[in-house]
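In my numbering, the protein residues as written are 3 to 261.
Structure, rendered in structure tokens:
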């Protein structure tokens, strides 16, 4: 686990290394800086949410595009087909963040949880499971970071084809795969922040989020530890697996799918 980037600040993030496997090819075309002026609504107190989500979803895109299989058994025939493009991933995440009024910092914590899940559970993110993995990471990140967390039932209002029972079961299963480790040290957050800046530079994207202040770093560590203790206490209670848990685990013949 010492090489796990979601736990240790010196370990390299997975998304950055996967993005560099495409060589020097930029995901977005280079614009003429002499004829283009970029203006946005970023300030120190209110970082630009749109640019942050665009960078985080680009990291998820590279995870899916350059995925390495962990599974030991057969996978579906269409496992490698129909990879979502970056715009599709961005629209999905942007819709959730806009409807739930989540912050830019929450998007970075989402990416931390996503990479922690992939390394802890040794599963792969692919076209058949990426929405539920991203949704589970957003759900936890919103409860840990934002002061006014969104209830599970609120996500059901955003995503009409999912039930509250399914959301609850997905959250529980996600936590189990994380081994109830939702603590995010400030040093880990800072590493993901700067690696996202590198990803933005490599792909000609602006990334105008301010670094984490000392006060907000202390808040992040304190709240994540508090939530971790709360979830561990809840895990002691016996929970009956519902039918939605089968949907969450997905095709049982593959250890690489969480869908």
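C-beta: ideal position from N, C-alpha, C; glycine also.
As the structure is a prediction and not an experimental result, all values here were calculated from the model.
- Across the structure, residue 61 and residue 19 are spaced so that their CA atoms are roughly 10 Å apart.
- Rounded to the nearest whole angstrom, the C-alpha separation of residue 147 and residue 23 is 32 Å.
- With contact defined as three or more Cβ pairs closer than 8 Å, the region 89-109 and the region 50-57 are in contact.
- For residue 196, the uninterrupted alpha helix (DSSP H) segment begins and ends at 188-204.
- Residue state for residue 176 is assigned as helix, using DSSP reduced to three classes.
- Contact check between the region 201-209 and the region 152-170: fewer than three CB pairs, one atom from each, fall below 8 Å, which does not count as touching.
- Rounded to the nearest angstrom, the gap between the Cα atoms of residue 195 and residue 187 is 13 Å.
- Comparing alpha-carbon positions, the option among 65, 108, 50, 110 lying closest to residue 88 turns out to be 65.
- Rounded to whole angstroms, the gap between the alpha carbons of residue 119 and residue 11 is 17 Å.
- Selection 217, 145, 85 evaluated against residue 128 yields 85 as nearest (Cα-Cα).
- In the DSSP assignment, residue 99 falls within the alpha helix (DSSP H) that extends over 88-102.
- Taking every protein chain shown into account, the CB of residue 153 has fewer than 16 other CB atoms within 10 angstroms, so this residue is exposed.
- Distance check between residue 145 and each of 215, 104, 7 places 104 closest, using alpha-carbon atoms only.
- In this structure, residue 122 keeps its C-beta atom at 7 Å or more from the C-beta atom of residue 142.
- The C-alpha of residue 138 lies about 26 Å from the C-alpha of residue 215.
- Taking residue 124 as reference, the option from 160, 158, 156, 179 with the minimal CA-CA separation is 179.
- Excluding the 5 residues flanking it on each side, residue 108 has same chain C-beta neighbours closer than 8 Å at 99, 140, 143, 144, 147, 148, in chain order.
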